Structures are given as structure tokens and as C-alpha cells.
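Sequential numbering from 92 applies to the sequence shown in this note's numbering.
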Amino acid sequence: MKFIAYSEIWRWLEGLSRDMEVFVPTVRQGGDVGLAPIGTGKFTLDYRRLSESPKRLLFPQVEEMFRFRGNEVEGSYDYEGGARMLFGIRPCDAAAVATADAFFRREPPDPYYVGRRRETVLVVVACSEPDEGCFCPEAGTGPVARFGFDLQLFPAEEGFWVQVGSERGEEVLSEVEDLPDGEEYVAGFEEDVLKKFEDMPDLKRASKVLKGDTEGFWFEVEDRCITCGGCTYICPTCTCFDFYDWTTGEQGERIRTWDSCVFAGFTREASGHNPRPSQGHRLRRWFEHKLTGSEVPHLLYRCVGCGRCERACPGGIGMRPVVEELVKWSA
92 MKFIAYSEIW
102 RWLEGLSRDM
112 EVFVPTVRQG
122 GDVGLAPIGT
132 GKFTLDYRRL
142 SESPKRLLFP
152 QVEEMFRFRG
162 NEVEGSYDYE
172 GGARMLFGIR
182 PCDAAAVATA
192 DAFFRREPPD
202 PYYVGRRRET
212 VLVVVACSEP
222 DEGCFCPEAG
232 TGPVARFGFD
242 LQLFPAEEGF
252 WVQVGSERGE
262 EVLSEVEDLP
272 DGEEYVAGFE
282 EDVLKKFEDM
292 PDLKRASKVL
302 KGDTEGFWFE
312 VEDRCITCGG
322 CTYICPTCTC
332 FDFYDWTTGE
342 QGERIRTWDS
352 CVFAGFTREA
362 SGHNPRPSQG
372 HRLRRWFEHK
382 LTGSEVPHLL
392 YRCVGCGRCE
402 RACPGGIGMR
412 PVVEELVKWS
422 A
């Protein structure tokens with residue numbers, strides 16, 4: 092099994108960056124850790140959860156689709172960038188990318204997303220410690236990834252044991268040495284980490300409750316929502332978007348931006364009618380969408396258990412607290 096010493100990680104990544112754009116965990120102002128191009132900030136391996144998922148690197152928050160002049164479209168639908176590596180994402184984020192893949196690759200496939208995804212190598216670092224608020228074992232997405240990665244790194248005392256998940260992953264490991272005993276270490280890794288998780292929310296029970304009549308519950312919750320959209324923007328599996336045209340005379344650009352199903356305007360129809368008239372209705376829809384199915388065969392939910400929504404929500408209605416309240420309400 093391949094092994095990379097911690098002292099060699101930077102050299103390996105820097106070498107790869109000569110042929111592809113490499114994004115690595117980087118310390119930001121305030122201490123948060125997010126993905127940034129290698130060499131643009133302080134690289135770190137000392138983090139539990141990235142402050143935001145890799146969603147924005149595959150599905151940008153604001154994106155020009157094409158330009159137009161009169162009735163003529165200028166530009167190409169094809170992704171024109173080169174190969175990229177996202178190093179250091181967590182198993183829950185790999186599951187989130189698989190969820191986005193299922194959405195954007197369905198017919199007709201989205202050429203902008205598909206082009207970026209095709210050129211992107213995903214390198215997962217398995218979790219050795221749970222972060223505050225995360226519940227990936229309950230969501231079935233961690234602390235070890237079972238699919239959706241090109242490489243998966245398992246932290247050990249002196250470096251990483253490396254699991255190969257694809258031919259593309261094998262290619263970027265050509266200069267990394269093989270060592271014995273890695274399989275034995277990896278086999279016991281997950282069991283040891285799972286012992287560290289405590290008090291996880293009952294997603295299975297919540298999923299069952301959400302398939303019944305829960306309208307009264309959401310009327311109790313809606314006053315705590317300030318409609319900021321933070322939960323949906325930070326969620327790695329939210330893929331709602333809107334379009335607008337930015338015009339000057341007869342020419343302009345078509346822009347795609349993230350949108351949110353918790354906004355009243357998202358479902359408002361041209362007639363003015365809104366099938367989800369209250370904030371409670373909109374919140375119910377968001378939680379139902381996350382917990383009552385998945386397009387990915389390996390997953391039960393569209394929530395991957397990262398816990399970011401709980402950290403982002405000023406009203407205290409992230410996934411974990413709401414699930415706990417809903418289960419109590421239904422008892």
C-alpha cells in the first residue's frame with residue numbers, strides 16, 4: 092500500500108502543481124481552514140472540517156454562462172480550464188460531490204459542472220477525530236469514505252497510508268513508495284474513530300416522521316428563521332440556482348447564481364401565488380429534501396452529516412437541533 096510521509100506531502104503536492112491546479116487546506120484570517128490554490132496562504136494539515144465544502148469549486152456561486160449580442164450567442168459551453176486537484180476534503184464532502192454529480196449529470200447534463208468535474212481529482216483525508224456538530228456515521232458518509240474519491244489518505248503517526256479509488260488517482264501516485272502493513276492499519280482505523288462519536292441525531296426516525304403530517308411543528312420553528320439562506324449556501328448538497336441577464340444595449344451576459352428554497356421568491360409563481368406561502372412551509376421542504384431520500388445508490392439521505400448548517404444558522408435551527416426537536420415533538 093502506498094505511504095506518504097508528512098514531511099513529503101508538500102513536495103509531492105508542489106510537484107503535481109506543475110501540471111495541474113492544486114487546492115489545499117489553507118488557514119484564513121480568523122483561523123478558519125478552506126481550500127485555496129497551493130502557495131497562496133499557509134498550508135495546514137491541522138484541521139477537522141473545512142469551513143466550507145468544495146461545492147464552490149465545482150459549482151461557482153456566481154458564474155457567467157455565455158455572452159450574447161442581439162440574437163447571437165458568443166462563447167462556448169465547454170469548460171476551458173485544465174486539470175485540478177482538491178486535496179484534503181473530508182469523506183462527507185466526497186459524498187456531497189457524488190450527490191451533486193447525480194443532480195448535474197442527469198439528462199440533459201450541465202456542461203459547466205460536468206466539464207469541471209471531469210478535470211478534478213478528489214483526494215479525501217479520512218477523519219481521525221469528529222468535529223463539533225458533525226454526525227457523518229449517522230448519515231452513512233464517514234468517518235471513512237467508501238466511494239467517490241480518487242485517493243483517500245489515512246492519517247498515521249508518521250504520514251498517510253493511501254487508498255487508491257481510481258486510475259486517475261493511481262496516476263498521481265507514480266512517485267510514491269509502496270510499504271507493507273498498510274491494509275492492516277486501514278482495516279482498524281474506522282472502528283477506532285467511531286468510538287469517539289457521541290450523541291448523534293436520529294436521522295432514521297426523523298426521516299420517518301417527515302413523511303407524515305408535521306405542519307404544526309414547522310409553525311413552532313419558523314419564527315427562529317431570519318431567512319438569511321446561510322444553511323443552503325453552506326450546505327454541500329444544495330444545488331438551487333437562478334439566472335439573470337446583465338445587459339448593455341443589445342449585448343450582455345447570462346449569469347447563474349446560487350439561490351435558496353428558503354427564500355419566498357424561489358417558489359413564487361408568475362401569478363403571484365406561492366405554493367409554499369410561509370417560512371414554515373419552506374423550512375419543511377428543505378428538511379424533507381435532505382432526509383427523505385437520495386439519488387446516490389450508496390446513500391440514504393441528501394444530508395451528509397457535516398454539521399455546517401448548525402454552525403452557520405444564527406437561529407439555532409441547523410440539521411442536528413431540528414432533528415432532535417422533531418423526534419421529541421413526534422413522541
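Using N, Cα and C, we set each Cβ at its ideal position, and we do this for glycine too.
On a predicted model such as this, the values are computed, not experimentally measured, just so you know.
Given PRO405, which residues of its chain have a CB within under 8 Å of its CB, disregarding the five upstream and five downstream residues? Within the sequence shown, numbered from 1, the residue matching residue 405 stands at position 314. Same-chain partners within the cutoff: ILE317, CYS319 and GLY321.
Rounded to whole angstroms, what is the Cα-Cα separation between HIS364 and LEU107? By one-based count along the sequence shown, residue 364 stands at place 273. By one-based count along the sequence shown, residue 107 stands at place 16. Annotation: HIS364 to LEU107 spans about 53 Å, alpha carbon to alpha carbon.
Give a yes or no on contact between the stretch 236-253 and the stretch 282-300, applying the rule of three or more CB pairs nearer than 8 Å. They do not touch, by the three-pair rule.
Per DSSP, cross-strand counterpart(s) of GLN254: Residue numbering aside, residue 254 sits at position 163 when the sequence shown is read from its first letter. Per DSSP, GLN243.
How many Å lie between GLU262 and ARG160 at the Cα? Position 171 of the sequence shown, counted from the first residue, corresponds to residue 262. Position 69 of the sequence shown, counted from the first residue, corresponds to residue 160. When rounded, the separation of the alpha-carbon atoms in GLU262 and ARG160 is 43 Å.
Can you have a look at VAL153 and say buried or exposed, based on whether 16 or more other CB atoms are within 10 angstroms of its CB? Taking the first residue of the sequence shown as 1, we reach residue 153 at position 62. Exposed, by the Cβ-count rule.
Please give me, in chain order, every unbroken run of the alpha helix (DSSP H) with length at least 4 that falls completely inside the stretch 146-172. 146-149, all fully within the stretch 146-172.
My output table needs one value for LEU104: the three-state DSSP class, helix, strand or coil. Against the sequence shown, residue 104 aligns to sequence position 13. Helix.
Continuous alpha helix (DSSP H) assignments of at least 4 residues falling wholly in the stretch 166-246: Taking only runs of at least 4 residues, the alpha helix (DSSP H) segments lying wholly in the stretch 166-246 are 182-195, 202-209 and 227-230.
Residues of its chain near VAL312, where Cβ-Cβ distance is below 8 Å and the 5 sequence neighbours each way are ignored: Indexing the sequence shown from 1 puts residue 312 at position 221. Around VAL312: GLY371, LEU374, ILE408, VAL413 and GLU416.
Going by C-alpha distance, which of ALA191, GLY231, CYS227 and GLU306 is nearest GLY398? Mapped onto the sequence shown, residue 398 falls at position 307. For GLY398, the closest of ALA191, GLY231, CYS227 and GLU306 by C-alpha to C-alpha distance is CYS227.
N- and C-terminal bounds of the beta strand (DSSP E) containing SER333: The count along the sequence shown starts at 1 and reaches residue 333 at position 242. Checking the sequence, you will find Asp at residue 333 rather than Ser. Under the DSSP assignment, ASP333 falls in the beta strand (DSSP E) whose first and last residues are 332-339.
Let me check understanding here. Comparing Cα to Cα, which of GLU401, GLU155 and GLU281 lies closest to PHE378? Your numbering for residue 378 matches position 287 in the sequence shown. That would be GLU401, whose Cα lies nearest to the Cα of PHE378.
Roughly how many angstroms lie between the CA atoms of ASP304 and SER385, to the nearest whole one? As a working note, residue 304 is residue 213 in the sequence shown. As a working note, residue 385 is residue 294 in the sequence shown. It is roughly 21 Å from the alpha-carbon of ASP304 to the alpha-carbon of SER385.
Please report the Cβ distance between PHE357 and TRP252, rounded to the nearest whole angstrom; I am assuming they are in contact, meaning their Cβ atoms lie under 8 Å. By 1-based counting over the sequence shown, the position of residue 357 is 266. By 1-based counting over the sequence shown, the position of residue 252 is 161. In this structure PHE357 is not in contact with TRP252, their Cβ atoms being roughly 44 Å apart against a cut-off of 8 Å.
Whole angstroms are fine: how far does the CA of VAL395 sit from the CA of THR232? As a first step, residue 232 must be located in the sequence shown, where it is residue number 141. As a first step, residue 395 must be located in the sequence shown, where it is residue number 304. Near 6 Å, if we compare the C-alpha coordinates of VAL395 and THR232.
Taking a contact to mean a Cβ-Cβ separation below 8 Å, would you say SER257 touches ALA187 in this structure? Here the question's residue 257 lines up with position 166 in the sequence shown. Here the question's residue 187 lines up with position 96 in the sequence shown. Their beta carbons are not under 8 Å apart, which means SER257 does not touch ALA187 by this criterion.
Given this structure, state the Cα-to-Cα distance separating GLU210 from LEU148, to the nearest angstrom. Your numbering for residue 210 matches position 119 in the sequence shown. Your numbering for residue 148 matches position 57 in the sequence shown. Cα to Cα, the separation comes out at about 12 Å.
Pick helix, strand or coil for ASP314, following the three-state DSSP scheme. Within the sequence shown, numbered from 1, the residue matching residue 314 stands at position 223. In the structure shown, ASP314 falls within a helical segment according to DSSP collapsed to helix, strand and coil.
Along the chain, where does the alpha helix (DSSP H) containing ILE325 start, and where does it finish? By 1-based counting over the sequence shown, the position of residue 325 is 234. Boundaries of the alpha helix (DSSP H) around ILE325: 321-325.
Endpoints, the alpha helix (DSSP H) within which PRO412 is located: Here the question's residue 412 lines up with position 321 in the sequence shown. Annotation for PRO412: the continuous alpha helix (DSSP H) segment containing it runs 410-421.
Going by DSSP, what residue range makes up the beta strand (DSSP E) through PHE94? As a working mapping, residue 94 is identified with position 3 in the sequence shown. Under the DSSP assignment, PHE94 falls in the beta strand (DSSP E) whose first and last residues are 93-96.
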